[in-house]
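Counting from 1, position 7 in the sequence shown corresponds to residue 14 in the working numbering; the numbering is continuous, with no gaps.
Just so it is clear, CB atoms sit at the ideal spot from N, CA and C, and this is done for glycine as well.
What you are looking at is a predicted structure, and each value in this text was computed from that prediction instead of being measured.
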Amino acid sequence: MHHTPRRLVRLLAVAAAALAGLGLAVGAAAPAVAAPAVTGVTVSAPSAVTAGDSFTVTVTLTGATDVFGYEAVLAFDPAVVAYVDGSAVVPAGGYDAVTTSSGTVDVVYTRLGTSPALSGTIAYTLTFTAKAAGSTAFTLRSLSLVDPASAVTPLSNAAVSPAVVVSPASVPGPPTGGGPSTGSSPGSGSGSGSGAATSSSASTSADDLASTGSDVAPYLIAGTVLVALGAAVVLIAVRRRRAGEAR
């Protein structure tokens, strides 16, 4: 990877300011040290997330020697994910500055004062938020190491994470159940229909009774006439008997 002069100057200025702040003479002679180095660089991130979720990306330097500071630029697709401001977590005992632009996060880190250079495994993390469905890889676009004498060593072994697939957020469906039953709710169509059916039945029964009464009326009249005729016959017979006895 190559490193722009402007970034190198800024990195050196951060390291020099840290030293000067503790009263150390930057221009004093320093013992010769080996150039900082790492044997491997990896970028790790989850393989799948959902839109709206937050997740962590980790940049790891392995096999480090004499690393007093570094600058690393991580690139990603800004349409899919976004960096969470202030989320960088760097090794303890140092100072960091984070600069963001569209699709990149630039992390500058340096040890402070007489703190020893780092060796072994060095890692820092950044937090991102998934914005929209899609996928993106996280690429360590550039990496430069700084030794205790403020000499800068740019590295060319960029690292890329596997693609992170962002799924769309699930949309809640319509609510199911829990509502009042249509048939049992007051004033519902079912209740009105039941009342209408009852009224209809009562009306039908009344009509049937009226019909039955009209059908038996002639028989009642005929029976009444027969009873009246029978009574008249009996009265006539009684009167004739009395008249015969009187003679």
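Rounded to the nearest angstrom, what separates VAL88 and VAL48 at their Cα positions? Along the sequence shown, one-based indexing puts residue 88 at 81. Along the sequence shown, one-based indexing puts residue 48 at 41. In this model, VAL88 and VAL48 are separated by some 22 Å (Cα to Cα).
According to DSSP, simplified to helix, strand and coil, what is ASP84? The residue given as residue 84 occupies position 77 in the sequence shown. It is coil, neither helix nor strand.
Name the DSSP beta bridge partners of ARG275, please? Since the first and last residues shown for the chain are 8 and 254, residue 275 lies out of range.
Considering ASP73, what are the terminal residues of the beta strand (DSSP E) in which it resides? Working through the sequence shown from its first residue, we reach residue 73 at position 66. Per DSSP, ASP73 belongs to the beta strand (DSSP E) from 61-74.
Output yes or no for whether 9 Å exceeds the beta carbon distance between THR63 and ALA137. Within the sequence shown, the letter at position 56 stands for residue 63. Within the sequence shown, the letter at position 130 stands for residue 137. No, Cβ-Cβ distance for THR63 and ALA137 is not below 9 Å.
Buried versus exposed, by CB contacts within 10 Å (16 or more), ALA41: As a first step, residue 41 must be located in the sequence shown, where it is residue number 34. When all chains shown are included, ALA41 counts as exposed.
Quick check: the Cα distance between SER177 and ASP60, rounded to an integer number of angstroms? Taking the sequence shown and counting its residues from 1, the one referred to as residue 177 is at position 170. Taking the sequence shown and counting its residues from 1, the one referred to as residue 60 is at position 53. Taking the straight line from one Cα to the other gives about 12 Å.
Nearest-angstrom Cα distance between TYR116 and PRO182? Position 109 of the sequence shown, counted from the start, is the residue given in the question as residue 116. Position 175 of the sequence shown, counted from the start, is the residue given in the question as residue 182. Between TYR116 and PRO182, the C-alpha separation is close to 52 Å.
Going by beta-carbon coordinates alone, are VAL159 and SER151 separated by less than 9 Å? Translated into positions along the sequence shown, residue 159 becomes position 152. Translated into positions along the sequence shown, residue 151 becomes position 144. SER151 is positioned such that its CB atom lies closer than 9 Å to that of VAL159.
Quick one: using the 10 Å Cβ neighbour count with 16 as the cut-off for buried, is SER168 buried or exposed? Residue 168 sits at position 161 when you count from the first residue of the sequence shown. Counting Cβ neighbours within 10 Å, SER168 comes out buried, since at least 16 surround it.
Thinking C-alpha only, which one of ALA86, VAL96 and ALA165 is nearest ILE129? Reading the sequence shown from its first residue, position 122 is the one you call residue 129. For the set ALA86, VAL96 and ALA165, the Cα lying nearest the Cα of ILE129 is the one of VAL96.
Cβ-based neighbour list, THR107, same chain, cut-off 7 Å, excluding 5 preceding and 5 following: Numbered from its first residue, the sequence shown carries residue 107 at position 100. Around THR107: TYR90.
Out of curiosity, what's the CA-to-CA distance linking SER122 and PRO179? Taking the first residue of the sequence shown as 1, we reach residue 122 at position 115. Taking the first residue of the sequence shown as 1, we reach residue 179 at position 172. The alpha-carbon atoms of SER122 and PRO179 are separated by roughly 54 Å.
Pick from GLY76, ALA144 and SER126 that is closest to ALA86, judged by C-alpha positions: Position 79 of the sequence shown, counted from the first residue, corresponds to residue 86. Considering only alpha carbons, the answer is ALA144.
Give me the Cβ distance between LEU119 and GLY101, rounded to the nearest whole Å; I'm assuming they're in contact under 8 Å. What you label residue 119 is simply residue 112 of the sequence shown in a count that begins at 1. What you label residue 101 is simply residue 94 of the sequence shown in a count that begins at 1. So it is a contact: roughly 6 Å between Cβ atoms.
Keeping to the same chain, check which residues put their C-beta closer than 7 Å to that of ASP103; ignore five residues upstream and five downstream. Here residue 103 corresponds to residue number 96 of the sequence shown, with the count starting at 1. Correct list, in chain order: ALA95, VAL97, VAL114, VAL115 and TYR116.
Tell me whether SER54 sits in a helix, a strand or coil according to DSSP, three-state version. Position 47 of the sequence shown, counted from the start, is the residue given in the question as residue 54. Coil at SER54, not helix or strand.
Do you know offhand how far TYR77's Cα is from VAL112's? On the sequence shown, position 70 is the one that residue 77 refers to. On the sequence shown, position 105 is the one that residue 112 refers to. TYR77 and VAL112: Cα-Cα distance of roughly 14 Å.
Compare the beta carbon distance of VAL66 and VAL45 with 9 Å and say whether it is the shorter of the two. Locating residue 66 in the sequence shown gives position 59, where the first residue counts as 1. Locating residue 45 in the sequence shown gives position 38, where the first residue counts as 1. Against a cut-off of 9 Å, the Cβ pair of VAL45 and VAL66 comes out as no contact.
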